[in-house]
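Undergrad:
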Ligand code: GLU
């Protein structure tokens, strides 16, 4: 009786019943085995690789099984809310090919299981908190911060588990009349779960409960014994309570979340039990780790590692297909093997499974991403690459728009060496690409490398002078190179590097040094793809202009 009175006292305005909500959000009508997953980011404005990593798992599980993947905005911690954050989340994930079937969108909710923004669901949380109070499974707690600190200090002295539980939970048995008095006097309170665990107080070891995790297998976790807060003094739910209520009512079948939530899993187990609901399948993903300079594995950190932010990949201009391909290699241990066997298959044909996920820390490695990106970009036609780079430049690097003024020219440049029998893999990400090809554009051209030491200043001029004099844009590659050999021999350089190696005293250097002089004049660099092909793309006029510049 008193529990019911208490429930009315705390939640007089809550009229809907739990049954009504159950009816409003019925079991989903999906084919057998279809998975319902969700991403529940906090709108902090910072969206990171961990979000994308998790979202990828969610997306694959749902879409491979004919299920639903939805977006829920977890904004119960209003201190962290950043204007425009929802747009950032949707845009950033969308850029990497992660799209939602349901949930929060920029134009309101889409789907029948909303509202999909937690701050709009206060009534719902209160309804279920009311139910727990009415059943004696939750109660109002008026402990002040000071009192809690005092309890904790006492527990430290007694060497018992800290927290509000058992006999330390002073308000467990408060009557409705007492509570009413305190509320009338304006005393703030939270609502706590009345946990069944005893925290080892009976002298027995803390009981353990089993949870089947799709990534980690059967987990044995200590049962919860804390009277955790389910509604804060503001009436807003804690993560624990919102998670359980939302994932039940939204009929989530698989909860994919970071390993940092493993420690609170016992709370969620108890909450699902107390509410009489089945638990979803948990999939606790591994932490993203990297190797630091000393070769030690450590967690990626927001402060130290710019590559943790998704903005980093957008700004550097990684192609989304490369990032997806890379993520799958760290997500599923058998992906690389599959890719070797199916080099041209769509990434969506790979059967992703939680069993093949690492549970001990996924190693993130930018060099590996770059390697994968080289292969992925090789398969993207130049015209598509052009479109991608152009829109990247418009957004992130307007200083490079010159590169995209002439599509035909830019595409030829991008394709340089990509169609050879052994194709070149020079292209990695947009910032690297625009830098790599910048010498094709007068405004971006600069001399980056020094002339080879083997060739003195006088010879440099002589080489360029002769090269210009004999230059014929119509020469084929063989005729062109013969001319360089002739210049080299005339000036005392070996026509073949191996002759120089055999008798270094007889020569000033070799033909390679001579062509480096030409390379630097043309491209400003000592290393580049094939010079003859570059000249063909640049055209005669630019070629001559570059050479004359140094005379
Ligand atoms: N809002 C939580 C977070 O951002 C979501 C955790 C979950 O997926 O349950 O970490």
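Numbering (the numbering used here), first residue to last: 5 to 555. Each residue gets a CB set at the ideal place from its N, CA and C atoms; glycine is no exception. Here the structure is a predicted model, which is why all the values come from computation and not from measurement.
Residue 261: beta carbon under 8 Å from a heavy atom of the ligand GLU?
TA: Correct: residue 261 has its Cβ closer than 8 Å to the ligand GLU.
Undergrad: Taking 9 Å as the cut-off, decide whether the C-beta atoms of residue 194 and residue 233 are in contact.
TA: Contact flag set, yes.
Undergrad: How far does the beta strand (DSSP E) with residue 108 in it reach, from first residue to last?
TA: It spans 106-109 - the beta strand (DSSP E) in which residue 108 sits, taken as one unbroken run.
Undergrad: Residue range of the beta strand (DSSP E) that residue 225 falls in?
TA: Its beta strand (DSSP E) spans residues 221-226.
Undergrad: Shortest alpha-carbon distance to residue 135 belongs to which of 317, 538, 8?
TA: Nearest C-alpha to residue 135: 8.
Undergrad: Around the Cβ of residue 246, are there at least 16 other Cβ atoms within 10 angstroms (buried) or fewer (exposed)?
TA: Under this definition residue 246 is a buried residue.
Undergrad: Spatial neighbours of residue 325 within its chain, please: CB distance less than 6 Å, with the 5 preceding and 5 following residues excluded, ordered by chain position.
TA: Result list for residue 325: 380, in chain order.
Undergrad: Along the chain, where does the alpha helix (DSSP H) that runs through residue 198 open and close?
TA: Premise fails: residue 198 is in no alpha helix (DSSP H) and is neither H nor E.
Undergrad: With respect to the alpha helix (DSSP H) encompassing residue 252, which residues constitute its N-terminal and C-terminal limits?
TA: That run of the alpha helix (DSSP H) goes 243-253.
Undergrad: Who are the near neighbours of residue 374 in its chain, counting only those whose CB is closer than 6 Å to its CB and skipping five residues on each side?
TA: The answer, listed in chain order, is 432.
Undergrad: Under 9 Å between the Cβ atoms of residue 202 and residue 170?
TA: A contact, by the Cβ cut-off of 9 Å.
Undergrad: Tell me, please, whether the region 44-55 touches the region 303-313 by the rule of three or more beta-carbon pairs shorter than 8 Å.
TA: Contact between the region 44-55 and the region 303-313 is present, because at least three Cβ pairs lie under 8 Å.
Undergrad: With a 10 Å radius around its C-beta and 16 neighbouring C-beta atoms as the bar for buried, classify residue 295 as buried or exposed.
TA: Classification for residue 295: exposed.
Undergrad: Per DSSP, which residues does residue 497 bridge with? Please list them.
TA: 513, per the DSSP bridge assignment.
Undergrad: Got a sec, what are the start and stop residues for the alpha helix (DSSP H) residue 129 sits in?
TA: Its alpha helix (DSSP H) spans residues 126-138.
Undergrad: Confirm the yes/no value for this check: CB of residue 31, any heavy atom of the ligand GLU, distance under 8 Å.
TA: Answer for residue 31: no, Cβ out of range of the ligand GLU.
Undergrad: State yes or no: is the C-beta of residue 252 nearer than 8 Å to some heavy atom of the ligand GLU?
TA: No, the Cβ of residue 252 stays beyond 8 Å of every heavy atom of the ligand GLU.
Undergrad: Kindly list the residues whose CB is nearer than 6 Å to the CB of residue 342, restricted to its own chain and excluding five residues on each side of it in sequence; keep chain order.
TA: Closer than 6 Å at the Cβ level, and outside the excluded window around residue 342, lie 354.
Undergrad: Thinking C-beta only, is residue 467 closer than 9 Å to residue 491?
TA: For residue 491 and residue 467, yes; Cβs fall inside 9 Å.
Undergrad: Around the Cβ of residue 446, are there at least 16 other Cβ atoms within 10 angstroms (buried) or fewer (exposed)?
TA: It counts as exposed.
Undergrad: For the ligand GLU, is there any heavy atom lying closer than 8 Å to the beta carbon of residue 258?
TA: False, no ligand heavy atom lies under 8 Å from that Cβ.
Undergrad: Check whether the Cβ of residue 24 sits closer than 8 Å to any heavy atom of the ligand GLU, and report yes or no.
TA: Not so, every heavy atom of the ligand GLU lies at least 8 Å from the Cβ.
Undergrad: Please tell me whether residue 39 and residue 11 are closer than 9 Å, where the distance is taken between their beta carbons.
TA: Their beta carbons are not under 9 Å apart, which means residue 39 does not touch residue 11 by this criterion.
Undergrad: Cβ-heavy atom distance between residue 74 and the ligand GLU below 8 Å?
TA: Outside the cutoff, so no.
Undergrad: Let me check you understand the geometry: is the CB of residue 78 closer than 8 Å to at least one non-hydrogen atom of the ligand GLU?
TA: Yes, Cβ of residue 78 sits closer than 8 Å to a heavy atom of the ligand GLU.
Undergrad: If you drop the 5 nearest sequence neighbours on each side, which residues of the same chain put their C-beta closer than 6 Å to that of residue 167?
TA: So the qualifying residues of the chain are 230.
Undergrad: What is the rounded straight-line gap between the Cα of residue 327 and the Cα of residue 88?
TA: Approximately 24 Å, taken between the alpha carbons.
Undergrad: Given the structure, does residue 243 come close to the ligand GLU, in the sense that its CB is under 8 Å from one of the ligand's heavy atoms?
TA: Yes; taking the cut-off as 8 Å, the Cβ of residue 243 has a heavy atom of the ligand GLU nearer than that.
Undergrad: Measuring from the CB of residue 43, is there a heavy atom of the ligand GLU at a distance below 8 Å?
TA: Residue 43: yes, Cβ under 8 Å from the ligand GLU.
Undergrad: Which one of 419, 454, 425, 509 has the shortest CA to CA distance from residue 538?
TA: The candidate whose alpha carbon is nearest that of residue 538 is 419.
Undergrad: Tell me, to the nearest whole angstrom, how far the beta carbon of residue 60 is from that of residue 102; I am working on the premise that it is less than 8 Å.
TA: About 7 Å separates the two Cβ atoms, so the contact holds.
Undergrad: For residue 377, count neighbouring C-beta atoms within 10 Å of its own C-beta (all shown protein chains included) and say buried if the count is 16 or more, exposed if not.
TA: The residue is buried, with at least 16 neighbouring Cβ atoms inside 10 Å.
Undergrad: Around the Cβ of residue 403, are there at least 16 other Cβ atoms within 10 angstroms (buried) or fewer (exposed)?
TA: Counting Cβ neighbours within 10 Å, residue 403 comes out exposed, since fewer than 16 surround it.
Undergrad: Near residue 285, which residues of its chain fall below 6 Å by C-beta distance, leaving aside the five closest residues on each side in sequence?
TA: Same-chain partners within the cutoff: 218, 258.
Undergrad: Who does residue 293 pair with in a DSSP beta bridge?
TA: Residue 293 is bridged to 303, 367.
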